[in-house]
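Participant: In our numbering, the protein residues as written are 1 to 185.
What follows is a single structure, and I will ask about it in a moment.
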């Protein structure tokens, strides 16, 4: 019993250390994000400058959108609990690790985009199949109705006129021998 308590206490202390390390890493990431946002905001043209976009302006806009997406992803990661216990001890000057993280984020974004495209393609395919099924059902109903109309239209011609006003009684010829058998029964 005491060993189990000791193990639980050890696990609790390990978890506390991991949580502390993760919160420090998250704080560092937030600071990096804030610095990146500040550098991006420095590139914003003033109202006095002309609105003609040069290649550098386009590059800066692209960079801003990437930084914004990175910041949104970082905030999303910060707000969602992660079971990650990796060693995140790095400083913001470590360009290799930052580049590696950015590449991972970019690859995840690309994978997400491709999955969304595949889902959209699947939904379009599903809609096409369902519309074909509906059109075939409607076509079958129309064919059945036309077939029923053809049989009802052809029946009177084959059997003669069946108007309700022109109904004649059925005439039965009885042979004398048949009538005697019916009376005996």
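Virtual Cβ for every residue (Gly too), placed ideally from N, Cα, C.
Roughly how many angstroms lie between the CA atoms of residue 97 and residue 108, to the nearest whole one?
Facilitator: Spanning the two alpha carbons is a distance of roughly 16 Å.
Participant: For residue 36, which residues in the same chain have their Cβ closer than 8 Å to its Cβ, ignoring the five residues on either side in sequence?
Facilitator: 67, 70 and 71
Participant: In its own chain, which residues sit with a C-beta less than 7 Å from the C-beta of residue 85, not counting the 5 before and 5 after it?
Facilitator: Any reading at residue 85 must be qualified, since the residue scores a pLDDT of 45, below 50, and its modelled position is unreliable; no value is offered.
Participant: How would you call residue 115, buried or exposed, if buried means at least 16 neighbouring beta carbons within 10 angstroms?
Facilitator: exposed
Participant: Grouping DSSP H, G and I as helix and E and B as strand, with all else coil, what is residue 80?
Facilitator: coil
Participant: Under three-state DSSP, which class holds residue 54?
Facilitator: Coil, per DSSP.
Participant: Would you kindly work out how many angstroms separate the C-alpha atoms of residue 16 and residue 3, rounded to a whole number?
Facilitator: 20 Å
Participant: Please report the straight-line C-alpha distance between residue 57 and residue 21, rounded to a whole angstrom.
Facilitator: 39 Å
Participant: Can you determine whether any heavy atom of the ligand ATP sits closer than 8 Å to the C-beta of residue 54, and answer yes or no?
Facilitator: Ligands displayed in this structure: none; no statement on the ligand ATP is therefore possible.
Participant: In the structure shown, what three-state DSSP assignment does residue 94 receive?
Facilitator: coil
Participant: Once you ignore the five residues that flank residue 126 on each side, which residues in its own chain have a CB closer than 7 Å to its CB?
Facilitator: none
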